[in-house]
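Note that UniProt numbering numbers the sequence shown so that position 131 is 131, with each residue one more than the last.
Idealized CB from N, CA, C, for every residue including glycine.
Take a look at the structure below.
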Amino acid sequence: MNFQHLSSSNMNTEPLTDKLKDYEYFLLTVIDVLISFLVVAPCTVASWRGLWEYLEHKHEYFPEWIYFLGASFFHFMFSLFRSELLDFSKNLLKKSKFLYNVFSRVYIYLFLICCIVQWRCIWNLLDTCLGRDHMTLIMYTVPSLIVLYSFRLFKNVLAPPYYIEMDYNVEDVFNFGTLWSYPASQNMFLYVMDSFFSVFVIGSLVVFVWRGLWGLLDIYLYNADSVKSAAASLTMGYTLVFSTFLLQPLVKRVVSKISGFWRVFIVDVYLLFSLCGTVNVWRGIWATLDCYFETENPKHKVVGFWLSHIVCFLILVFINSSNSILVRGVYIDAEEDGGKCVDFPCYYLRLFFQSKRRKKFLKQLQKKQEVSRRKSEDNHISCETLVPTSGQQDPLINHIYLHHKRASIISPSSPTLPRETNTVV
Numbered sequence: 001m002n003f004q005h006l007s008s009s010n011m012n013t014e015p016l017t018d019k020l021k022d023y024e025y026f027l028l029t030v031i032d033v034l035i036s037f038l039v040v041a042p043c044t045v046a047s048w049r050g051l052w053e054y055l056e057h058k059h060e061y062f063p064e065w066i067y068f069l070g071a072s073f074f075h076f077m078f079s080l081f082r083s084e085l086l087d088f089s090k091n092l093l094k095k096s097k098f099l100y101n102v103f104s105r106v107y108i109y110l111f112l113i114c115c116i117v118q119w120r121c122i123w124n125l126l127d128t129c130l131g132r133d134h135m136t137l138i139m140y141t142v143p144s145l146i147v148l149y150s151f152r153l154f155k156n157v158l159a160p161p162y163y164i165e166m167d168y169n170v171e172d173v174f175n176f177g178t179l180w181s182y183p184a185s186q187n188m189f190l191y192v193m194d195s196f197f198s199v200f201v202i203g204s205l206v207v208f209v210w211r212g213l214w215g216l217l218d219i220y221l222y223n224a225d226s227v228k229s230a231a232a233s234l235t236m237g238y239t240l241v242f243s244t245f246l247l248q249p250l251v252k253r254v255v256s257k258i259s260g261f262w263r264v265f266i267v268d269v270y271l272l273f274s275l276c277g278t279v280n281v282w283r284g285i286w287a288t289l290d291c292y293f294e295t296e297n298p299k300h301k302v303v304g305f306w307l308s309h310i311v312c313f314l315i316l317v318f319i320n321s322s323n324s325i326l327v328r329g330v331y332i333d334a335e336e337d338g339g340k341c342v343d344f345p346c347y348y349l350r351l352f353f354q355s356k357r358r359k360k361f362l363k364q365l366q367k368k369q370e371v372s373r374r375k376s377e378d379n380h381i382s383c384e385t386l387v388p389t390s391g392q393q394d395p396l397i398n399h400i401y402l403h404h405k406r407a408s409i410i411s412p413s414s415p416t417l418p419r420e421t422n423t424v425v
């Protein structure tokens, strides 16, 4: 899904381990992972579920084909004009931070609606046109996985709790990758086709994979008992997610030492386990909300859907993580150097402390530069005061001025010349 982190400027965490003590960094890492597990992921799922279930409740007003084309078209437009939106947002930020915050959150929310509508329409069209039996699910899930593996696009199937996308940086909010990353300035046709293929083809394949795995869990995981099924999904999901985070240092060490086919293979196997954890977590949270927050009253049901959708989105906005809720962009597996290709960017407090330390470092650097500048000015003044302005200059001063650098001249503590002047001829 949205793996902007790997190319984003605000995810440069290399200096963190140098500046923070090991135990502090470990503690912040644990807290960041818990924030992703217990806050970002549940709020993301609940917000998606709220709007999705409302559309299901009023399905007669939202025909799949029409709304799929409409949502995909707006997603396509967001992709085509991402550079223009980025430039506009940068200029808006210079004028007013408040206006930028309003504009960026409205943009994220409109993009969220497009993502949910697009996913729901593809999901329902698969069920309507192909069916929900286990053989049908396997028949379109396995080929989709093979295509994603062949194009090295496994990374795009992940979602929270495997990443936290912050709202601080303008680039992270408005810029996202496409499959071939053609610049519009070189070839407009290829740029348009790149965005089209990324939105309509790769995006649909990701939905195929999620629908297939979700449907298989519905069939084989306590399908007669919704409460047990939800609990089992939550347990398996968080166990897999926690295990992949524990294995991350080992996997990073391994993939940083190898290259070629085996590097991509190990990365994709690791991401496949991560995908299973992600789908189980989402299904578990979704099914739990269905079990305990569902009501038979139609009016209360609609209110519950909208409360779930809006409140959880506002929570993400409040903690500056609303960007995590979007599904967009195309990112290539094992493209980064070393072990960064399996680095899940759950950076929250670590980014905050990094920002604070960077500001402190820049302030100290500015003070040092100011002191150095003042010393340089004082030395320059000393040079000028040392050289007389009168027509006849003392031989000693002429000798010092002509044979020494200005920066090395120090003005005497008294206006009188040293005694050694009488030795100069």
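Under the 8 Å Cβ criterion, the segment 252-260 does not count as touching the segment 292-308, having fewer than three qualifying pairs. Spanning the alpha carbons of R374 and F352 requires a straight line of approximately 33 Å. For the segment 14-63, not one full-length beta strand (DSSP E) segment reaches 3 residues or more. Exposed is the label assigned to W262, since fewer than 16 other Cβ atoms lie within 10 Å of its Cβ.
Distance from the Cα of K155 is smallest, within the candidate group R328, H75, R350, for R328. When C-beta atoms of the segment 20-35 are compared with those of the segment 263-274, fewer than three pairs fall below 8 Å, so the two segments do not count as touching. By the neighbour-count definition (other C-beta atoms within 10 Å, threshold 16), H309 is a buried residue. Taking a 10 Å sphere around the C-beta of N187, we find fewer than 16 other C-beta atoms and assign the residue as exposed. In terms of Cβ geometry, L92 and Y100 form a close pair [threshold 8 Å]. A Cβ-Cβ distance of about 7 Å is found for the pair V173 and I108, placing them in contact under the 8 Å criterion.
For Q248, the uninterrupted alpha helix (DSSP H) segment begins and ends at 226-255.
Under the 8 Å Cβ criterion, the segment 121-128 does not count as touching the segment 300-316, having fewer than three qualifying pairs.
Taking the Cα positions, R152 is about 27 Å away from L130. Taking the C-beta atoms as reference points, S89 is found nearer than 8 Å to S104. Shown here, D172 sits in a helix according to DSSP, grouped into three states. In summary, H134 is exposed, with fewer than 16 beta-carbon neighbours lying within 10 Å of its beta-carbon over all protein chains present. D337 sits in coil when the DSSP states are folded into three classes, being neither helix nor strand.
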